[in-house]
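Since the structure comes first, as structure tokens, the remarks are kept for the end.
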Amino acid sequence: MQATPEKTLVSKSSETTKTARPWLARWPLLRAFLRNRKAMLGVSILFFFIMVALLAPWIAPGNPKKMESRAHLAPAWIADTPAPGGKTFLLGTTGQGQDVFRQLVWGARLSLSVGLSVGIASTIVGTIIGLTAGYLGGWVDDILSLLTNVMLIIPGMPLLVILAAFLKPGPVTVVMVLTLTGWAWPARVMRSQVLSLRAKDFIAASVVSGERTPRILFSEVLPNMSSVFVGSMVGSTVYAIGADVGLAFLGLTNVGTTSWGTMLYWAQNNAGILTGAWWTFVPTGICIALCAFALTMLNYALDEITNPRLRAEKETTHGKRNRGNVLVTPVIRK
Amino acid sequence: MRFLLRRLGFYAVAAWVSLTVNFYLPRLMPGDPASAIFARFQGKLRPEEIDSLRKAYGLSDAPLLEQYGTYLKSLSRGEFGISINFFPAPVTTVISTGFMWTILLAGLATVISFFLGNVLGIIGAWRRNGILDSVAPPLLTFIGAFPYFFLAMIALYFLAFQAGWFPLRHAYSDALSVNWGSLTFIKSVVSHMILPAGCIVLASIGGWMLGMRNTMVGILSEDYITMAQAKGLSQKRIMFSYAARNALLPNVTSFGMALGFVLSGSLLTEIIFAYPGLGYLLLQAVRNLDYPLMQGLFLMITFAVLGANLLVDILYVWLDPRTRR
Numbered sequence: 000m001q002a003t004p005e006k007t008l009v010s011k012s013s014e015t016t017k018t019a020r021p022w023l024a025r026w027p028l029l030r031a032f033l034r035n036r037k038a039m040l041g042v043s044i045l046f047f048f049i050m051v052a053l054l055a056p057w058i059a060p061g062n063p064k065k066m067e068s069r070a071h072l073a074p075a076w077i078a079d080t081p082a083p084g085g086k087t088f089l090l091g092t093t094g095q096g097q098d099v100f101r102q103l104v105w106g107a108r109l110s111l112s113v114g115l116s117v118g119i120a121s122t123i124v125g126t127i128i129g130l131t132a133g134y135l136g137g138w139v140d141d142i143l144s145l146l147t148n149v150m151l152i153i154p155g156m157p158l159l160v161i162l163a164a165f166l167k168p169g170p171v172t173v174v175m176v177l178t179l180t181g182w183a184w185p186a187r188v189m190r191s192q193v194l195s196l197r198a199k200d201f202i203a204a205s206v207v208s209g210e211r212t213p214r215i216l217f218s219e220v221l222p223n224m225s226s227v228f229v230g231s232m233v234g235s236t237v238y239a240i241g242a243d244v245g246l247a248f249l250g251l252t253n254v255g256t257t258s259w260g261t262m263l264y265w266a267q268n269n270a271g272i273l274t275g276a277w278w279t280f281v282p283t284g285i286c287i288a289l290c291a292f293a294l295t296m297l298n299y300a301l302d303e304i305t306n307p308r309l310r311a312e313k314e315t316t317h318g319k320r321n322r323g324n325v326l327v328t329p330v331i332r333k
Numbered sequence: 000m001r002f003l004l005r006r007l008g009f010y011a012v013a014a015w016v017s018l019t020v021n022f023y024l025p026r027l028m029p030g031d032p033a034s035a036i037f038a039r040f041q042g043k044l045r046p047e048e049i050d051s052l053r054k055a056y057g058l059s060d061a062p063l064l065e066q067y068g069t070y071l072k073s074l075s076r077g078e079f080g081i082s083i084n085f086f087p088a089p090v091t092t093v094i095s096t097g098f099m100w101t102i103l104l105a106g107l108a109t110v111i112s113f114f115l116g117n118v119l120g121i122i123g124a125w126r127r128n129g130i131l132d133s134v135a136p137p138l139l140t141f142i143g144a145f146p147y148f149f150l151a152m153i154a155l156y157f158l159a160f161q162a163g164w165f166p167l168r169h170a171y172s173d174a175l176s177v178n179w180g181s182l183t184f185i186k187s188v189v190s191h192m193i194l195p196a197g198c199i200v201l202a203s204i205g206g207w208m209l210g211m212r213n214t215m216v217g218i219l220s221e222d223y224i225t226m227a228q229a230k231g232l233s234q235k236r237i238m239f240s241y242a243a244r245n246a247l248l249p250n251v252t253s254f255g256m257a258l259g260f261v262l263s264g265s266l267l268t269e270i271i272f273a274y275p276g277l278g279y280l281l282l283q284a285v286r287n288l289d290y291p292l293m294q295g296l297f298l299m300i301t302f303a304v305l306g307a308n309l310l311v312d313i314l315y316v317w318l319d320p321r322t323r324r
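Protein chains in written order, with numbering that gives the first Met the number 0: chain A, 0 to 333; chain B, 0 to 324.
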């Protein structure tokens with residue numbers, strides 16, 4: 000009764016192709032996930048960075064804020080000349096004589112934990128609001144949708160700036176502020192998903208059989224939205240990582256901490272570009288971009304696995320060899 | 000017409016929400032907001048500044064509702080308070096100097112990226128699995144994963160600092176003064192704009208292209224496209240007037256949300272290039288804890304985005320006859 004179309008589709012395809020590992024056959028979605036190249040690419044990049052963050056004390060031992068080169072010569076407030084990478088410092092040192100590689104490794108901790116916690120928090124808030132709006136409908140929906148759309152249209156960065164500026168700087172504030180501005184998109188996605196689910200027969204059946212609204216929401220509707228839930232969590236994390244970096248870059252977080260954002264802040268403040276010290280900002284940006292890219296790939300993969308329409312498109316275009324301007328109507332092959 | 004009126008009502012609500020957020024935020028600060036702000040500027044504020052700050056916030060011992068009333072009244076007269084950093088210039092004057100440059104940079108970059116992205120998306124969907132369709136989406140996704148301002152840093156370092164092809168900073172050459180009549184000035188403005196605008200376009204084009212491509216793929220399988228093919232209409236006509244016009248609609252709707260996002264990115268891009276727009280002012284405001292300027296910027300940028308959205312809605316009515324009922 001509760002099976003969604005996507006579930007039936009996947010299980011059908013797993014019947015036709017036998018797998019070598021029988022335990023995987025019981026988890027068709029997981030199997031599709033493991034077979035998806037984009038998903039594997041995203042997961043491995045992400046896994047790499049999470050491991051780096053967790054193993055920071057072993058990969059780059061020492062205090063990331065320690066001023067290494069010529070620290071004994073100059074007082075701390077005199078800017079050091081950044082040195083390019085070499086044997087002692089793999090990626091060189093910053094304008095304050097700190098080891099770039101060590102900062103990068105330790106910075107992953109704060110950046111990733113802020114990103115992931117905002118991703119989870121804003122998706123949960125968004126889901127609660129979206130579920131309520133979509134399921135209850137009526138004036139509740141009107142008000143919540145209005146609020147969601149207003150949050151979506153107000154430009155993010157200026158709002159983030161005034162929110163962050165009036166509150167005490169620190170990671171907790173950043174997570175709070177980013178969640179406050181980031182819940183709207185998940186809420187909108189969730190709402191539209193609930194609207195389409197609510198029209199399904201199995202919901203009507205549970206309403207008729209007298210189930211209470213919270214139970215319908217959490218044990219009937221929510222399990223069928225797990226892919227959307229994970230998808231918007233991934234999307235929110237991408238948003239959070241980017242916005243966190245932007246806020247830090249403006250100097251609105253505690254710039255004394257080590258994160259990828261504050262690394263870029265110091266690179267800009269010490270004129271890393273105009274002194275030619277490219278190593279102070281290029282590795283950081285590449286790490287941020289790799290994380291965002293990995294998450295985006297993960298989202299595309301999720302879309303491909305759970306959206307039958309995209310799969311149908313892939314199947315038809317693979318069989319078609321003669322391209323050109325002749326158009327073929329995509330039809331799902333049975 | 001009803002569509003436009005409904006949208007107008009929505010923007011009014013959005014404007015009211017941002018006004019109210021702006022009003023309550025300083026009052027949500029732990030402790031008394033006034034003393035907190037004054038404490039940060041101990042000894043730095045002149046009496047007239049403190050006065051103007053008080054007035055700008057409508058801070059008094061009056062009940063909250065009355066304070067809210069005075070706040071709305073002074074806003075309606077266009078009084079956003081006095082900038083601390085640029086004292087004694089009012090916030091509105093400070094902002095208006097940067098406004099033009101941001102509109103020029105972000106506006107132009109957004110229009111170019113929207114146009115180019117959609118055209119690329121149309122072609123990508125039309126020649127599905129062609130070279131463009133298989134190379135561009137992953138490449139642009141990867142580029143889009145970089146923070147805007149990081150792309151700007153890279154471009155500034157390699158193309159302006161190392162290669163010396165572009166100017167390093169500002170919106171026009173220091174040797175010139177603002178004079179839109181002279182050709183050398185306009186040339187200087189253009190050459191200063193290429194890098195920052197290019198970064199914004201590069202970072203935002205992927206979203207438009209993918210959105211267009213995916214809707215277009217869906218629309219190309221509609222019956223009326225097959226019908227148009229069967230009638231023997233020219234390919235160009237089917238591509239643009241039949242498929243693209245309909246596929247454009249979702250992208251136009253998402254333009255509003257994207258605008259705020261692109262603007263946020265372009266504010267940070269401006270900082271890298273020391274472009275004298277609103278982003279640069281925002282940085283100044285943050286560095287100097289210039290709260291009135293920060294709040295003024297927030298309100299002005301929000302109103303600008305709402306106004307741009309209204310324009311897009313009017314465009315939408317023109318594009319989609321179904322909304323004219």
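Note that the Cβ used here is the ideal one computed from N, Cα and C, for glycine as well.
When the five nearest sequence neighbours on each side are left out, the beta carbons in the same chain lying within less than 8 Å of the beta carbon of residue 252 of chain B are those of 315, in order along the chain. When only Cα atoms are considered, residue 198 of chain B and residue 177 of chain B end up about 25 Å apart. Taking 8 Å as the upper bound for CB-CB distance, residue 276 of chain B and residue 104 of chain B are in contact here, some 6 Å apart. Within the DSSP bridge table, the entry for residue 213 of chain A names no partner. Residues of chain A with a Cβ closer than 7 Å to the Cβ of residue 308 of chain B are, in chain order, 152. For residue 89 of chain B, no Cβ of chain A is located within less than 9 Å of the residue's own Cβ. According to the DSSP assignment, residue 136 of chain B belongs to the alpha helix (DSSP H) that extends over 130 to 144.
Per DSSP, the continuous alpha helix (DSSP H) segment holding residue 15 of chain B begins and ends at 1 to 27. Legend: CB atoms of the segment 269 to 301 of chain B lying less than 9 Å from CB atoms of chain A belong to residues 270, 271, 277, 278, 281, 282, 284, 285, 286, 288, 290, 293, 294, 296, 297, 298, 299, 300 and 301. For residue 81 of chain B, the secondary structure class from DSSP, reduced to helix, strand or coil, is strand. Along the segment 247 to 261 of chain A, the positions whose C-beta sits under 7 Å from a C-beta of chain B are 248, 249, 250 and 251, read in chain order.
Around the beta-carbon of residue 189 of chain B, fewer than 16 other beta-carbon atoms lie within 10 Å, marking it exposed. For residue 89 of chain B, the beta-bridge partners assigned by DSSP are B:81. Annotation for residue 299 of chain A: the continuous alpha helix (DSSP H) segment containing it runs 281 to 305. With respect to the C-alpha of residue 13 of chain B, the residue from A:42, A:266, A:189 and A:142 having the closest C-alpha is A:142. Against chain B, the CB of residue 182 of chain A has no partner CB under 9 Å away; the residue lies outside that interface. From the listed residues B:285, B:136 and B:317, the smallest Cα separation to residue 245 of chain B is found for B:317.
Close partners of residue 155 of chain A in chain B (Cβ separation under 9 Å): 259, 260, 262 and 263. Bounds of the alpha helix (DSSP H) holding residue 50 of chain A are 36 to 53. Taking the CA atoms as reference points, residue 100 of chain A sits about 9 Å from residue 63 of chain A.
Contact between residue 163 of chain A and residue 173 of chain A holds: CB atoms are separated by about 7 Å, below the 8 Å threshold. Of all C-beta pairs linking the segment 287 to 299 of chain A to the segment 134 to 151 of chain B, three or more are shorter than 8 Å, placing the two stretches in contact. Residues of the segment 134 to 150 of chain B with a Cβ closer than 7 Å to any Cβ of chain A, in chain order: 140, 141, 144, 145, 146, 148 and 149. Rounded to the nearest angstrom, the gap between the Cα atoms of residue 200 of chain A and residue 105 of chain A is 51 Å. Annotation for residue 140 of chain A: 132 place their beta carbon closer than 6 Å to its own, counting only its chain and skipping 5 residues before and after. For residue 65 of chain B, the enclosing alpha helix (DSSP H) covers residues 63 to 75. Positions of the alpha helix (DSSP H) runs, each at least 4 residues long and wholly inside the segment 190 to 243 of chain A, are given as 200 to 207 in order along the chain. A residue is called buried once 16 or more other Cβ atoms fall within 10 Å of its Cβ, and residue 87 of chain B, having fewer, is exposed. Less than 9 Å separates the beta-carbon of residue 223 of chain A from that of residue 196 of chain A. Residue-level contact check: residue 204 of chain B does not touch chain A, since none of the beta carbons of chain A fall below 9 Å from its beta carbon. Look at residue 275 of chain B here: in three-state DSSP terms it is coil, with no helix or strand label. Counting along the chain, residue 216 of chain B sits inside the alpha helix (DSSP H) bounded by residues 182 to 219.
For the C-beta of residue 149 of chain A, the chain B residues within less than 7 Å are, from N- to C-terminus, 12, 13 and 16. Taking 8 Å as the upper bound for CB-CB distance, residue 306 of chain B and residue 90 of chain B are not in contact here, some 19 Å apart. DSSP places residue 264 of chain A within a helical segment (H, G or I) once states are collapsed to three. Sequence-distant partners of residue 168 of chain B (beyond 5 residues in either direction) whose C-beta falls short of 7 Å from its own C-beta, in its chain, are 272 and 273.
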